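Chemist: Have a look at the structure that comes next, please.
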Amino acid sequence: MSVEEKTPAEKLYTAGPLTYTRSRLLLTMAMVILGVFIYSISITFVPRIMPLRLKELGCSNTLLIFIMSTFSQILNMTVCPWVSFKSDRYRSPRWGRRFPFIFYTMPMMCAAWLMFAFVDSESSLLVKAISPWLTVAPATMTIVLMAAIMIFYYFFFMFVGSIIYYIYNDLIPPQFMTRFMGVIQITTSLAAALFNFFIFEHALTHFRWILIGITIAYALGISAMCLLVKEPHFPEPDENERRQSKGVRAMITFMRESFSHRFYWYAFCGTAASAIAGCTSIFMVFFEKSMGMSMAQIGSYSGWCSLIGTVLIFSIALFGTPFIDRWHPVRISVFCLLFGQMGTILDCKWIFFSPPVTVFFWGGLMLSQVTFMMRFRGIAHMPALMRLYPKSRFGQFCSAQSMFRSLTVLGFSLLLGVFMDFLKDQLQLGEISYRYIFLWVLFFNGVAIFCYLMMYREFLRLGGYQGYCAPAPWTPGGLEPMPVTQCAEPSKLGVKISLAGMIFSVSAALLWVIFMIIWCRNSGAGAAGRYYLVCCLPLTALVLGGYLLWARSVLKSVQMPHHSMLILSAIVTVLMTISFAIENFLAFSLDKSTLSPGMWSYEMIALAIQLGMLLFYTKLEKKSAAPQIQARQ
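Set out below in structure tokens:
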């Protein structure tokens, strides 16, 4: 990136071969954001609504997973790497190397949505056409047709889905990348919120018209982006590179370079485990129904969650993106995943408790703030990959990661369907079985955390924050130097403020328990009062004692852990304790039984688990800081 003076009042910004004035750069960003917004709201329909439509037709969980996930994963591990590999080397006379793959597949994407829209009519025609030879139930024919259309849809979706995220790296100047990624996160969250608020509730009753509207919006939005944004033109590949990118030789080169070092295996396995955990998203709507919510309530709940997520992302993009660069995206990406596990741990409590819908609705909305960590990671993750994967092979390693992820998700997604059918039918848990999806998420997120921590250890061994070099078997030395990002030193003041925030929050939780004991006594809720006194009070006091001892050990240590994750953890702890209190208040207001103290006890155990994460983080950060301190001395 370079900045040149055009006039005393105007600067030119460059991204590779592209040169922008400020106004042209803003227009380019605006058109890309518009395209991503239309793309995000359009592709939400299939994963959110098609499972409901298939369930209406009598699909089992295993068949549902097979239709919704298996086809897409097979295509993702075959079409996606091929498209990524080819787009890196493609040179279009009219555009650059990315937009042709997006623009020319647009008619096929639109055709798929229209085929979904008229699937009932298509099914009726086919049933009548084959009736002289074969009798097929209309519902069965509709399922078969939807599966066939799904294959068609996902095939062309792979062209767009694998390319659209690469255009940022080609079009946006590096110094704006983190902030631009923040805006992209806001855009996708806003699209999800609008879909959940205004479309989800009517998706089954107005199925056809919504799909027609999506088709028109996608055609207009994607056309505008592709026709009005100028792509960079890169030099033609040399003869040797062309030979290496053809046929079997290209496949051998791809596999040898991408899977030759354990560092990349850790990164790929971590990504795959996270994706396996995410397979449960297909069952989220059924989980929400198992909590007693109607379709209207689910749409409202999902919309509010998305809106809260948008506010969080907007706040992070506005105030947090400079800190991501100062604290280093790799640190944020790895440890936000660790602490973000708190959200899943809290979701697991619905296995044990069935509160009134009002408590679940508002309590869940308040606790959705805990996703603060994962929102932070969402913005930091792509800049982190840009600092970890070799710059000369970035697209290749992204596609290798995608291929490996799809291969593993393919098998485990089917296993998830079998697991859910086993819980629902064999163990006869019925709709309650959908609450157990969080155990699946908890386990595989744990695997992902382990893999990313091992990758982080390799990152430190390969130079870490002071001079990381990416493993590169195609170079003579086996390493490719990467740009060094200067990050802030540990701040004692930042550590002290973080510790004070966490201690204050847990102390406030202890005072809340005392308040609840008094309220129970005045309300005549003897059983709940005894539960608070005998279980909640000592448990909360024990957690507070643990935080105090940990804070003391941190302050007494000569080597300070980096303050970044402690600040984020303090923010989340404050948000969590406020959410616990509001949820607790609602639960006791509507149900004077032991529901409220039982949920509080679970949440205090969750705070104790967070303390264990903090102990692990501070120990690891002190260890990684030691070589840097010695180098400065």
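To convert a position in the sequence shown, counted from 1, into the working numbering, add 23. Here a beta-carbon is modelled for each residue, glycine too, at the ideal position from N, C-alpha and C. Keep in mind it's a predicted model, so treat the numbers as computed, not measured.
(1) Which residues does DSSP list as the beta-bridge partners of residue 504?
(2) Rounded to the nearest angstrom, what separates residue 130 and residue 62 at their Cα positions?
(3) Please report the residue range of the beta strand (DSSP E) in which residue 43 lies.
(4) Is residue 464 near residue 367, with beta carbons less than 7 angstroms apart?
(5) Note down, in chain order, each residue of its chain lying with its Cβ closer than 8 angstroms to the Cβ of residue 40, except the 5 sequence neighbours on either side.
(6) Which residues mark the beginning and the end of the alpha helix (DSSP H) in which residue 481 is found?
(7) Can you grab the Cα-Cα spacing for the pair residue 657 / residue 95, in whole Å?
(8) Got a sec? Which residues, its chain only, sit under 7 angstroms from residue 636 by beta carbon, not counting five neighbours each side?
(9) Consult DSSP for residue 67 and reduce its assignment to one of helix, strand or coil.
(10) Classify residue 274: buried if its beta carbon has 16 or more other beta carbons within 10 angstroms, exposed otherwise.
(11) I think residue 64 touches residue 247, with their Cβ atoms under 8 angstroms apart; what is that distance to the nearest whole Å?
(12) Looking at C-alpha atoms only, which residue of 216, 278, 378, 252 is the closest neighbour of residue 105?
(13) Based on Cα-Cα distance, which residue from 573, 72, 425 lies nearest to residue 188?
(14) Rounded to whole angstroms, how far is the Cβ of residue 238 from the Cβ of residue 168, which I believe are closer than 8 angstroms?
(15) With burial defined as no fewer than 16 other Cβ atoms inside 10 Å of the residue's Cβ, what is the status of residue 81: buried or exposed?
(16) CB-CB under 7 angstroms to residue 310, same chain, minus the five flanking residues each way: which ones, in chain order?
(17) When the Cα of residue 475 is compared with those of 630, 285, 594, which residue comes out closest?
(18) Measuring alpha carbon to alpha carbon, tell me which of 335, 98, 75 ends up nearest residue 87.
(19) What residue range does the alpha helix (DSSP H) around residue 293 cover?
(20) What is the rounded straight-line gap between the Cα of residue 110 and the Cα of residue 192?
(21) For residue 328, which of helix, strand or coil comes out of DSSP?
(22) From 558, 532, 555, 519, pick the residue whose C-alpha is nearest to that of residue 590; which is it?
(23) Rounding to the nearest angstrom, what Cα-Cα distance links residue 390 and residue 336 in this structure?
(24) Are the CB atoms of residue 347 and residue 226 nearer to each other than 7 angstroms?
(25) Report buried or exposed for residue 596, applying the criterion of at least 16 other Cβ atoms within 10 angstroms of its Cβ.
(26) What residue ranges within the stretch 179-266 form continuous beta strand (DSSP E) runs of no fewer than 3 residues, ordered along the chain?
(27) Spatial neighbours of residue 185 within its chain, please: C-beta separation below 6 angstroms, excluding the five flanking residues on both sides.
(28) In its own chain, which residues sit with a C-beta less than 8 angstroms from the C-beta of residue 446, not counting the 5 before and 5 after it?
(29) For residue 630, which residues from the same chain have a beta carbon less than 6 angstroms from its beta carbon, with the 5 sequence-adjacent residues on both sides left out?
(30) Under DSSP, the alpha helix (DSSP H) around residue 524 begins and ends at which residues?
(31) Go through its chain and collect everything with a Cβ distance to residue 344's Cβ below 6 angstroms, but skip five positions before and after it.
(32) From which residue to which residue does the alpha helix (DSSP H) around residue 511 run?
(33) At 4 residues or longer, what runs of the alpha helix (DSSP H) sit wholly inside the stretch 104-162?
(34) With a CB to CB cut of under 8 angstroms and the five nearest residues on each side skipped, what residues in its chain are close to residue 622?
(35) Taking the alpha-carbon of residue 243 as reference, which of 220, 83, 302, 57 has the nearest alpha-carbon?
(36) What do you get for residue 535, buried or exposed, if any count of 16 or more other CB atoms within 10 angstroms of its CB means buried?
Modeler: Here's the rundown:
(1) Taking the first residue of the sequence shown as position 1, residue 504 is located at position 481. Per DSSP, 492.
(2) Position 107 of the sequence shown, counted from the first residue, corresponds to residue 130. Position 39 of the sequence shown, counted from the first residue, corresponds to residue 62. If you take the alpha carbons of residue 130 and residue 62, they lie about 14 angstroms apart.
(3) Residue mapping note: residue 43 aligns to position 20 of the sequence shown, counting from 1. From DSSP, the beta strand (DSSP E) with residue 43 extends over 41-43.
(4) For this step, residue 464 is matched to residue 441 along the sequence shown. For this step, residue 367 is matched to residue 344 along the sequence shown. In this structure, residue 367 lies closer than 7 angstroms to residue 464 by Cβ.
(5) Indexing the sequence shown from 1 puts residue 40 at position 17. Closer than 8 angstroms at the Cβ level, and outside the excluded window around residue 40, lie 255, 256, 257.
(6) Counted from its first residue, the sequence shown places residue 481 at position 458. Looking at the DSSP string, the run of the alpha helix (DSSP H) that includes residue 481 is 460-484.
(7) Residue 657 lies beyond the range of the chain shown here (24 to 656); nothing can be said about it.
(8) Working through the sequence shown from its first residue, we reach residue 636 at position 613. Here the set comprises 361, 362.
(9) The residue given as residue 67 occupies position 44 in the sequence shown. Looking at residue 67 - three-state DSSP - the assignment turns out to be coil, as it is neither helix nor strand.
(10) The residue labelled residue 274 in the question sits at position 251 within the sequence shown. Residue 274 comes out exposed.
(11) Residue 64 sits at position 41 when you count from the first residue of the sequence shown. Residue 247 sits at position 224 when you count from the first residue of the sequence shown. Contact doesn't hold; Cβ gap of about 15 angstroms is too wide.
(12) Numbered from its first residue, the sequence shown carries residue 105 at position 82. Comparing Cα-Cα distances from residue 105 to each of 216, 278, 378, 252, the minimum goes to 278.
(13) For the purposes of this step, residue 188 is identified with residue 165 of the sequence shown, where counting begins at 1. It is 425 whose Cα lies nearest to the Cα of residue 188.
(14) Mapped onto the sequence shown, residue 238 falls at position 215. Mapped onto the sequence shown, residue 168 falls at position 145. Not confirmed; about 18 angstroms, so no contact.
(15) Along the sequence shown, one-based indexing puts residue 81 at 58. Exposed: under 16 other Cβ atoms inside 10 Å.
(16) Reading the sequence shown from its first residue, position 287 is the one you call residue 310. Here the set comprises 457, 458, 460.
(17) For the purposes of this step, residue 475 is taken as the residue at position 452 of the sequence shown. Selected option, being the one with the closest Cα: 285.
(18) In the sequence shown, counting from the first residue as 1, residue 87 sits at position 64. That would be 75, whose Cα lies nearest to the Cα of residue 87.
(19) Start at 1 with the first residue of the sequence shown, and residue 293 comes out as number 270. Here the alpha helix (DSSP H) through residue 293 covers 285-301.
(20) Taking the sequence shown and counting its residues from 1, the one referred to as residue 110 is at position 87. Taking the sequence shown and counting its residues from 1, the one referred to as residue 192 is at position 169. Cα-Cα distance, rounded: 13 angstroms.
(21) The residue given as residue 328 occupies position 305 in the sequence shown. Helix.
(22) Taking the sequence shown and counting its residues from 1, the one referred to as residue 590 is at position 567. Closest by alpha carbon: 519.
(23) Locating residue 390 in the sequence shown gives position 367, counting from the first residue. Locating residue 336 in the sequence shown gives position 313, counting from the first residue. Whole-angstrom Cα-Cα distance: 16 angstroms.
(24) For the purposes of this step, residue 347 is taken as residue 324 along the sequence shown, with counting starting at 1. For the purposes of this step, residue 226 is taken as residue 203 along the sequence shown, with counting starting at 1. Not in contact: residue 347 and residue 226 (Cβ atoms no closer than 7 angstroms).
(25) Start at 1 with the first residue of the sequence shown, and residue 596 comes out as number 573. Burial call: buried.
(26) none
(27) Residue mapping note: residue 185 aligns to position 162 of the sequence shown, counting from 1. Cβ within range, chain order: 103, 106, 107.
(28) Position 423 of the sequence shown, counted from the first residue, corresponds to residue 446. So the qualifying residues of the chain are 452, 456, 459.
(29) Locating residue 630 in the sequence shown gives position 607, where the first residue counts as 1. Within the same chain, residue 630 has close Cβ partners 566.
(30) For this step, residue 524 is matched to residue 501 along the sequence shown. Looking at the DSSP string, the run of the alpha helix (DSSP H) that includes residue 524 is 515-546.
(31) Here residue 344 corresponds to residue number 321 of the sequence shown, with the count starting at 1. Cβ neighbours of residue 344 beyond the five flanking positions: 201, 202, 205.
(32) One-based indexing of the sequence shown puts residue 511 at position 488. From DSSP, residue 511 is part of no alpha helix (DSSP H); its letter is neither H nor E.
(33) 122-126, 129-140, 142-153
(34) Position 599 of the sequence shown, counting from 1, holds the residue named residue 622. Excluding residues within five positions, the ones whose Cβ falls inside 8 angstroms are 372, 376, 378, 606, 607, 610.
(35) Taking the sequence shown and counting its residues from 1, one reaches residue 243 at position 220. Residue 243 has its Cα closest to that of 57, out of 220, 83, 302, 57.
(36) Taking the sequence shown and counting its residues from 1, the one referred to as residue 535 is at position 512. Residue 535 should be labelled buried.
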